[in-house]
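Engineer: One structure, as structure tokens, below. Some questions next.
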Amino acid sequence: VEANAKATVQALLRSVPAAVPGIMFLSGGQSEEEATLNLNAINKNENLPWSASFSYGRALQKSCLAAWKGDAKNVAEAQKVFLARAKANSEAQLGKYDGSAATEDSKKGMFEAGYTY
658 VEANAKATVQ
668 ALLRSVPAAV
678 PGIMFLSGGQ
688 SEEEATLNLN
698 AINKNENLPW
708 SASFSYGRAL
718 QKSCLAAWKG
728 DAKNVAEAQK
738 VFLARAKANS
748 EAQLGKYDGS
758 AATEDSKKGM
768 FEAGYTY
């Protein structure tokens, strides 16, 4: 994770003008937790000239949808799961995520060969 963050920041610093206000990362099939950890590692670098944040879809929704299961009786649990993942990514956007939202389900990869949006 740290090596990926270092290489990512180095590549961005070399190619993205400081005038760009922000860089938004997609999860790209990473697990929810992996996407959060990678964003967190990038934001631990204090010399970023732009905001590094996230634009996740699947990496925010997967656990929430699994908890909900389309059943109204699961809404409160799904909201709790979603809030935990949103909080984790909010902390990662500041470089302050401590791994507290990690679950076995959130560590499962989401890569699907041939996946299209």
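Just so we're aligned, residue 658 is where the sequence shown starts under the numbering used here, counting upward by one. Here a beta-carbon is modelled for each residue, glycine too, at the ideal position from N, C-alpha and C. Bear in mind the structure is a predicted one, so any value in this text is a computation, not a measurement.
1. Can you tell me whether GLU748 is buried or exposed? The criterion is at least 16 other CB atoms within 10 Å of its CB, across all chains shown.
2. What residue does the beta strand (DSSP E) around ALA709 start on, and which one ends it?
3. State whether the region 717–733 contacts the region 695–708, with contact taken as three or more CB pairs (one from each stretch) at a distance under 8 Å.
4. With DSSP as the reference, identify every bridge partner of MET681, one or two as the case may be.
5. Could you check what DSSP says for VAL666 in three-state terms: helix, strand or coil?
6. Would you give the residue range spanned by the alpha helix (DSSP H) that GLU748 belongs to?
7. The alpha helix (DSSP H) spanning LYS719 covers which residue range?
8. From LEU694 to LYS753, what distance separates their C-alpha atoms?
9. Tell me whether the beta-carbon of SER848 lies closer than 7 Å to the beta-carbon of LEU683.
Structural biologist: Inspection of the coordinates gives the following:
1. buried
2. 708–711
3. No: fewer than three Cβ pairs fall under 8 Å.
4. MET681 has SER710 as its beta-bridge partners, per DSSP.
5. helix
6. Taken as a continuous stretch (DSSP letters only), the alpha helix (DSSP H) holding GLU748 covers 732–750.
7. 715–725
8. 10 Å
9. Look at the range of the chain in this structure, 658 to 774, and you will see that residue 848 is not part of it.
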